[in-house]
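Student: Let me begin by handing over the structure; questions about it come next.
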Amino acid sequence: MVLATQRLTLFISILLPLSCAVPTSFTSESDTHQLISDYIDDSLSPHPTQWSKRGLKQRIKSFLGFEDVERPLEIMTIPGYANWTSKGWNLRVHGRVYRNLPFTEDRLDDVASAMIPGFSRHNWTVDMRDSARNSTLALLSDPEKDIPVPYRLSKNGQTIKEFTTPPSDRRGGFDTYLQLNDPVLKPGEGNGVIQTLDEHTSLSIIGNATAYFVPITGVTVIADIDDILRLTQIWYARKALVNSFGSRFVPLEGMPEIMNSWAEDPTVHFHYITTTPFMVGRSYMSFIFNHFPHGSFDFRVWKNLTIEQIFAIRRYHLIRIFQTFPKRKFILLGDTSNQDAMKAYPEMATLFPGQISCILMRNITASDPNFPIPYDTTGFKPVLPSTYQFFRTSDDLRGIDFINGGCRNNTITQNITFGKHNGWSRKSMGLFLNELLGYPLVGIGAFFDSVGRKLGIGG
Numbered sequence: 215m216v217l218a219t220q221r222l223t224l225f226i227s228i229l230l231p232l233s234c235a236v237p238t239s240f241t242s243e244s245d246t247h248q249l250i251s252d253y254i255d256d257s258l259s260p261h262p263t264q265w266s267k268r269g270l271k272q273r274i275k276s277f278l279g280f281e282d283v284e285r286p287l288e289i290m291t292i293p294g295y296a297n298w299t300s301k302g303w304n305l306r307v308h309g310r311v312y313r314n315l316p317f318t319e320d321r322l323d324d325v326a327s328a329m330i331p332g333f334s335r336h337n338w339t340v341d342m343r344d345s346a347r348n349s350t351l352a353l354l355s356d357p358e359k360d361i362p363v364p365y366r367l368s369k370n371g372q373t374i375k376e377f378t379t380p381p382s383d384r385r386g387g388f389d390t391y392l393q394l395n396d397p398v399l400k401p402g403e404g405n406g407v408i409q410t411l412d413e414h415t416s417l418s419i420i421g422n423a424t425a426y427f428v429p430i431t432g433v434t435v436i437a438d439i440d441d442i443l444r445l446t447q448i449w450y451a452r453k454a455l456v457n458s459f460g461s462r463f464v465p466l467e468g469m470p471e472i473m474n475s476w477a478e479d480p481t482v483h484f485h486y487i488t489t490t491p492f493m494v495g496r497s498y499m500s501f502i503f504n505h506f507p508h509g510s511f512d513f514r515v516w517k518n519l520t521i522e523q524i525f526a527i528r529r530y531h532l533i534r535i536f537q538t539f540p541k542r543k544f545i546l547l548g549d550t551s552n553q554d555a556m557k558a559y560p561e562m563a564t565l566f567p568g569q570i571s572c573i574l575m576r577n578i579t580a581s582d583p584n585f586p587i588p589y590d591t592t593g594f595k596p597v598l599p600s601t602y603q604f605f606r607t608s609d610d611l612r613g614i615d616f617i618n619g620g621c622r623n624n625t626i627t628q629n630i631t632f633g634k635h636n637g638w639s640r641k642s643m644g645l646f647l648n649e650l651l652g653y654p655l656v657g658i659g660a661f662f663d664s665v666g667r668k669l670g671i672g673g
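Under this note's numbering, residues 215 to 673 are what the sequence shown spells out, in order.
As structure tokens, then:
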């Protein structure tokens, strides 16, 4: 209970200037776990917390035995999209600048095992070890501020444009736009093929990405990732930790085949939105590129965001892309465990009439009868029934021409009752709180979204 109380205090300290005592020594595994948790919280906070003000970064480096040595600069370029304007293409360029901590393999394994209680390094397979190491290294990486990032855009090896981003912010993030006119790129008027350019940076050998040039009209597929494209089971904290940090990502059965069939149409744009913090973005992007159609991404980031944007980040990203492409049709994919998607997806149908082609929500209770979290279908009441479907498995989606306006499998009865479902019981509440408070690194993104709902923020 002490650990849970400390966790909640640290979360609240993001919003209020509460005083948090910083430990002066760390001697046990629980101390290690707590220190790592606090370090990650500080990295996720949109503002300096009491921890960062009192030198948490220096404490963790000292505790882990790191000397102040020079480490290579790393760049994570997030694949962005470009829209066509009267002045030509407008390309969004965003990403993160950071340095990895100089772990030895043994020390990295020690820290990785401490992040997941009961997850002993002695029982790891090679895949589990590699996944745990990569996730730990990413979560504990050092953001680098005030770093301008030079880029070169190219097509088939031919340089199209060289430019430099504005300096990175205190979280290492950068997010900017570039006006681009070049004969190698066709104009974006009408429903055309998605064009791409390669993004290269000289600051990091792993900082390359692809930019997607999206025409004015056509279809954009926006997909969440956890529990719609990959098996996470975010509602079970321990399983979610292992699935996210201690094992290779596993695609949800049948979904790669469904999504890749849509990609056979070269005019379709794929965009992936997850509220996962962008520190662990590489593992998500690698998973998508290995199994699903390539496309642009949005993660949870902290750059000049309002309070509403912090607590409703998915809604913020959705509105941004809908406003950027006002003449495109959208297919949205999510699941009933994702409460912010359950609210934000149908809201887009109200805010942007005529742009929703189909909303596809995976019904978690159909596959997991022990699913402990309530979900609310009220938001779908004003939405045209022909433009959404709650499905059980990927088989329910086969044979439907989504790209050309199809949405429903008429053999699947919907039986939608608008309101709250799967209400809390004493048992489910106990299970959920035990999972949440017992394993406090889970659901960081969901935490902010739930607080936003309680405060009435984000629609």
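Positions of the beta carbon are idealized from the N, C-alpha and C atoms, including for glycine.
Owing to the predicted nature of the structure, the values given are computational and were not obtained by experimental measurement.
Can you tell me which of the three DSSP states Pro364 falls into?
Tutor: Stepping through the sequence shown from its first residue, residue 364 is reached at position 150. Pro364: strand per DSSP, three-state reduction.
Student: Please classify Val340: does DSSP put it in a helix, a strand, or coil?
Tutor: For the purposes of this step, residue 340 is taken as residue 126 along the sequence shown, with counting starting at 1. Looking at Val340 - three-state DSSP - the assignment turns out to be helix.
Student: On the three-pair Cβ rule with 8 Å, is the stretch 418-432 touching the stretch 560-573?
Tutor: no
Student: Does the Cβ-Cβ distance between Lys359 and Asp383 come in under 8 Å?
Tutor: Here residue 359 corresponds to residue number 145 of the sequence shown, with the count starting at 1. Here residue 383 corresponds to residue number 169 of the sequence shown, with the count starting at 1. Closer than 8 Å, so yes.
Student: Does the stretch 441-448 come within contact of the stretch 466-481, defined as at least 3 CB pairs closer than 8 Å?
Tutor: Taking 8 Å as the limit for Cβ pairs, the verdict is that the stretch 466-481 does touch the stretch 441-448.
Student: May I ask which residues mark the beginning and end of the beta strand (DSSP E) holding Gln603?
Tutor: The residue you call residue 603 lines up with position 389 of the sequence shown. Unbroken beta strand (DSSP E) run through Gln603: Tyr602 to Phe605.
Student: Would you call the CB atoms of Pro480 and Ile408 closer than 8 Å?
Tutor: Here residue 480 is taken as the residue at index 266 of the sequence shown, counted from 1. Here residue 408 is taken as the residue at index 194 of the sequence shown, counted from 1. The answer is yes: Cβ separation under 8 Å.
Student: Would the stretch 308-319 count as touching the stretch 283-299 if we require 3 or more Cβ pairs under 8 Å?
Tutor: yes
Student: Alpha carbon to alpha carbon, what distance is there between Gly495 and Arg534?
Tutor: As a working mapping, residue 534 is identified with position 320 in the sequence shown. As a working mapping, residue 495 is identified with position 281 in the sequence shown. Put simply, the backbone Cα of Arg534 is about 20 Å away from that of Gly495.
Student: Do Ser497 and Ser368 count as a contact pair if the criterion is CB distance below 8 Å?
Tutor: Here the question's residue 368 lines up with position 154 in the sequence shown. Here the question's residue 497 lines up with position 283 in the sequence shown. Contact: no.
Student: Tell me the rounded alpha-carbon separation between Leu354 and Ser510.
Tutor: Within the sequence shown, residue 354 is the residue found at index 140, counting from 1. Within the sequence shown, residue 510 is the residue found at index 296, counting from 1. Each residue's Cα considered, the two are about 25 Å apart.
Student: Check this for me: beta carbons of Glu677 and Trp298, under 8 Å apart or not?
Tutor: The displayed coordinates of the chain run from 215 to 673. Any statement about residue 677 would go beyond what the structure contains.
Student: Under a three-way DSSP split, which group does Asn304 fall into?
Tutor: Sequence index remark: in the sequence shown, residue 304 carries index 90 (1-based). Residue state, collapsed to three classes: strand.
Student: Are the Cβ atoms of Leu559 and Gly548 separated by less than 8 Å?
Tutor: As a working mapping, residue 559 is identified with position 345 in the sequence shown. As a working mapping, residue 548 is identified with position 334 in the sequence shown. Reading the sequence as shown, one finds Tyr at residue 559 and not Leu. Closer than 8 Å, so yes.
Student: For a test of the three-state rule: what should DSSP assign to Ala437, helix, strand or coil?
Tutor: The residue given as residue 437 occupies position 223 in the sequence shown. Three-state result, Ala437: strand.
Student: Which residues bound the beta strand (DSSP E) around Ile527?
Tutor: In the sequence shown, counting from the first residue as 1, residue 527 sits at position 313. No beta strand (DSSP E) contains Ile527, which is instead part of the alpha helix (DSSP H) from Ile527 to Thr538.
Student: Please go through the same chain and pick out, in chain order, the residues whose beta-carbon is closer than 8 Å to the beta-carbon of Asp396, but skip the five residues on each side of it.
Tutor: Translated into the one-based positions of the sequence shown, residue 396 becomes position 182. Counting only Cβ-Cβ distances below 8 Å, and skipping sequence neighbours, we find Ile374 and Lys375.
Student: What does a CB cutoff of less than 8 Å around Asp590 pick up in its chain, not counting 5 residues either side in sequence?
Tutor: By 1-based counting over the sequence shown, the position of residue 590 is 376. Gln553, Met556, Lys557, Gly633, Lys634 and His635, listed in sequence order.
Student: Since Phe503 and Ala346 are thought to touch, with beta carbons under 8 Å apart, how far apart are those beta carbons, to the nearest angstrom?
Tutor: Translated into the one-based positions of the sequence shown, residue 503 becomes position 289. Translated into the one-based positions of the sequence shown, residue 346 becomes position 132. The pair is not a contact, with the Cβ atoms about 21 Å apart (cut-off 8 Å).
Student: Short check: CB of Arg606 to CB of Ser581, under 8 Å?
Tutor: Here residue 606 corresponds to residue number 392 of the sequence shown, with the count starting at 1. Here residue 581 corresponds to residue number 367 of the sequence shown, with the count starting at 1. Yes, they are a contact pair.
Student: Should Pro599 be labelled buried (16 or more other beta-carbon atoms within 10 Å of its own) or exposed?
Tutor: Mapped onto the sequence shown, residue 599 falls at position 385. With fewer than 16 other Cβ atoms within 10 Å, it is exposed.
Student: With distances taken from CA atoms, which of Val435, Ile617 and Asp324 is nearest Ile487?
Tutor: For the purposes of this step, residue 487 is taken as the residue at position 273 of the sequence shown. It is Val435 whose Cα lies nearest to the Cα of Ile487.
Student: To the nearest angstrom, how far is the alpha carbon of Pro286 from that of Phe377?
Tutor: Reading the sequence shown from its first residue, position 72 is the one you call residue 286. Reading the sequence shown from its first residue, position 163 is the one you call residue 377. Answer to the nearest angstrom: the Cα atoms are 22 Å apart.
Student: Pull up the distance between the alpha-carbon of Phe616 and that of Val433, whole angstroms please.
Tutor: The count along the sequence shown starts at 1 and reaches residue 616 at position 402. The count along the sequence shown starts at 1 and reaches residue 433 at position 219. Rounded to the nearest angstrom, the two C-alpha atoms are 10 Å apart.
Student: How is Ile442 classed by DSSP in three states: helix, strand or coil?
Tutor: Working through the sequence shown from its first residue, we reach residue 442 at position 228. In the three-state reduction of the DSSP assignment, Ile442 falls in the coil class.
Student: Looking at the structure shown, is Tyr426 part of a helix, part of a strand, or coil, going by DSSP?
Tutor: As a working note, residue 426 is residue 212 in the sequence shown. Looking at Tyr426 - three-state DSSP - the assignment turns out to be strand.
Student: From Asn370, Gln372 and Arg313, pick the residue whose C-alpha is nearest to that of Arg385; which is it?
Tutor: Numbered from its first residue, the sequence shown carries residue 385 at position 171. The candidate whose alpha carbon is nearest that of Arg385 is Arg313.
Student: From Ile527, Val482, Pro465 and Arg576, pick the residue whose C-alpha is nearest to that of Phe492; which is it?
Tutor: Taking the sequence shown and counting its residues from 1, one reaches residue 492 at position 278. Nearest option by C-alpha distance: Ile527.
Student: Could you check what DSSP says for Arg321 in three-state terms: helix, strand or coil?
Tutor: Along the sequence shown, one-based indexing puts residue 321 at 107. Arg321 sits in a helix when the DSSP states are folded into three classes.
Student: Which residue's Cα is closest to the Cα of Ser418: Val363, Thr631, Pro401 and Glu319?
Tutor: By 1-based counting over the sequence shown, the position of residue 418 is 204. If we check each option's Cα against that of Ser418, Val363 comes out closest.
Student: Nearest CA to the CA of Glu319: which residue from Asp341, Leu351 and Thr339?
Tutor: Indexing the sequence shown from 1 puts residue 319 at position 105. Among Asp341, Leu351 and Thr339, the Cα nearest to that of Glu319 belongs to Leu351.
Student: Going by DSSP, which residues form a beta bridge with His483?
Tutor: The residue you call residue 483 lines up with position 269 of the sequence shown. The partner list for His483 (beta bridge, DSSP) reads Thr434.
Student: Please classify Asp341 as buried or exposed, where buried requires at least 16 neighbouring CB atoms within 10 angstroms.
Tutor: Position 127 of the sequence shown, counting from 1, holds the residue named residue 341. Flag for Asp341 reads exposed.
Student: Grab the span of the alpha helix (DSSP H) containing Tyr498 for me, first residue to last.
Tutor: Reading the sequence shown from its first residue, position 284 is the one you call residue 498. Run containing Tyr498: Gly495 to His505, per the alpha helix (DSSP H) assignment.
Student: What separation, rounded to the nearest whole angstrom, lies between the Cα atoms of Leu392 and Leu466?
Tutor: As a working mapping, residue 392 is identified with position 178 in the sequence shown. As a working mapping, residue 466 is identified with position 252 in the sequence shown. Cα atoms of Leu392 and Leu466: separation of roughly 36 Å, rounded to the nearest angstrom.
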